[in-house]
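For reference, the structure discussed in these notes is given below.
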Amino acid sequence: MGVERGTTALATTPPPGLRVLVTGAARGIGRAIAEAFAAHGARVLIQDSEPVSAPPEGALCHRGDAALPEDVEAAFAVADAAWGGVDVAVANAGVAANLPALELAPDLWRRIVALNLDGVFFAAQAAGRRMVAHGSGLILALGSIYSLAGAAERAAYCATKAGVAGLMRALACEWAPHGVRVNTISPGYIETDLVREVVARGGLDRGAIVARSPQARLGRAEEVAGLALFLASPAAAHITGATLPVDGGWLANGAP
15 MGVERGTTAL ATTPPPGLRV LVTGAARGIG RAIAEAFAAH GARVLIQDSE PVSAPPEGAL
75 CHRGDAALPE DVEAAFAVAD AAWGGVDVAV ANAGVAANLP ALELAPDLWR RIVALNLDGV
135 FFAAQAAGRR MVAHGSGLIL ALGSIYSLAG AAERAAYCAT KAGVAGLMRA LACEWAPHGV
195 RVNTISPGYI ETDLVREVVA RGGLDRGAIV ARSPQARLGR AEEVAGLALF LASPAAAHIT
255 GATLPVDGGW LANGAP
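Mind the numbering: the sequence shown is residues 15 to 270 in the numbering used here, read in order.
This is the structure we're talking about:
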């Protein structure tokens with residue numbers, strides 16, 4: 015439906031001054047999301063297990079493992095002390111391993127589950143405790159096209175990313191009465207340093223990925239960040255429990 019006559023269209027960018035925490039944001043998609051919010055006037059905290067090089071001006075940085083609940087809680091405590099809370103939490107930290115399922119060692123399986131699924135829950139839980147009490151907030155998790163599709167030699171990744179989407183739907187239902195929205199952003203193949211490294215060592219076939227995409231290219235991290243910004247805007251106030259692909263039509267393409 016269109017905008018009714020006499021009404022004012024809602025803003026599609028976030029208001030300035032938001033307090034935003036992003037896990038796994040030293041580089042890649044998480045870094046692009048942190049920089050995009052900072053560029054729109056947000057106060058940003060980056061949590062990562064790696065050092066953060068040249069963070070956005072004014073950003074806070076907290077070194078920690080997103081798979082450990084105590085490290086996640088410590089990052090939120092830094093935001094509490096600095097800003098009095100968080101308006102937007104982005105659970106971005108994750109890891110992939112492309113291996114045949116029969117070769118997937120238990121320790122690697124558990125590490126992928128710990129970071130990709132447990133870590134998302136710990137971040138969402140820490141955010142939810144604060145946001146439910148406050149009566150408002152937005153939680154975003156980074157899923158994947160493999161939240162919605164399967165692929166050979168990606169058993170742990172597909173399982174955890176599908177789990178992320180299911181978890182976010184459950185939390186959206188649970189916390190909507192408290193004014194908290196919860197959504198999953200599911201990127202396709204994005205042109206990041208990590209993807210370029212995997213392509214260079216033969217772990218991904220760039221040509222096959224591009225051929226599958228109706229847009230015939232990889233996505234850009236800034237395009238994923240653009241969706242995160244929109245979801246934090248007034249125009250997205252009625253969007254919760256959604257799993258939203260940013261994939262150039264990759265999932266829609268049923269062609270061989």
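Glycine residues also receive a C-beta, built at the ideal position from the N, C-alpha and C atoms.
Since the structure is predicted, the reported quantities are computational estimates derived from the model, not experimental observations.
Going along the chain, which residues of its own chain have a beta-carbon closer than 7 Å to the beta-carbon of TRP264, five neighbours each way excluded?
ILE159, GLY202, ARG226, SER227
Between the alpha carbons of ALA173 and SER161, how many angstroms are there, rounded?
8 Å
In this structure, how does DSSP classify SER67 when only helix, strand and coil are distinguished?
coil
Status (buried if at least 16 other CB within 10 Å, exposed otherwise) for PRO65
exposed
Would ALA73 and ALA48 be called neighbours here (beta carbons separated by less than 9 Å)?
yes
Which residue's Cα is closest to the Cα of ALA139: ASP121, VAL104, GLY164, LEU118?
Residue identity check: residue 139 is Gln in the sequence provided, not Ala. The shortest C-alpha separation from GLN139 is found at VAL104.
Where ASN130 and GLY55 are concerned, what is the direct C-alpha to C-alpha distance, given to the nearest angstrom?
29 Å
Grouping DSSP H, G and I as helix and E and B as strand, with all else coil, what is VAL92?
helix
Please identify the residue among ALA115, ARG125, LEU185 whose C-alpha is closest to the C-alpha of ALA280.
Past the boundaries of the shown model lies residue 280; the chain is included only from 15 to 270, so the question cannot be answered.
Identify the continuous beta strand (DSSP E) that holds GLN61 and give its terminal residues.
57 to 62
In three-state terms, what does DSSP make of ASN197?
strand
PHE244 and ALA235 closer than 9 Å at C-beta:
no
If you draw a straight line from the alpha carbon of THR27 to that of ARG33, how long is it in whole angstroms?
15 Å
Would the stretch 251 to 259 count as touching the stretch 206 to 226 if we require 3 or more Cβ pairs under 8 Å?
no
Using only alpha-carbon positions, find the residue among SER200, THR254, ASP121, ARG220 that is nearest to PRO191.
THR254
Suppose contacts are defined by Cβ-Cβ distances below 9 Å. Is LEU35 in contact with ALA111 by that definition?
no
Under 9 Å between C-beta atoms of THR198 and GLY157
yes
One question on the structure: do ASP85 and CYS75 come within less than 9 Å of each other, judged by their Cβ atoms?
no
Whole-Å CB distance - VAL194 paired with GLY142, under 8 Å assumed
6 Å
Cutting at 8 Å between CB atoms, please list the residues of its own chain near MET15, excluding the five before and the five after it.
Low confidence applies to MET15: its pLDDT is 48, below 50, so where it sits in the model is not reliable, and the reading given next is rough at best. Closer than 8 Å at Cβ, skipping near neighbours: no residue.
Report the three-state DSSP secondary structure of PRO259 (helix, strand or coil).
strand
Please say whether ILE60 and GLY44 have beta carbons closer to each other than 9 Å?
yes
Pick out whichever of GLU167, LEU154, GLU188 has its Cα sitting closest to the Cα of ALA179.
LEU154
For LEU232, tell me which candidate among TRP189, HIS148, PRO114, ASP207 has the shortest Cα-Cα distance.
ASP207
Could you tell me whether the Cβ atoms of LEU24 and PRO248 are closer together than 9 Å?
yes
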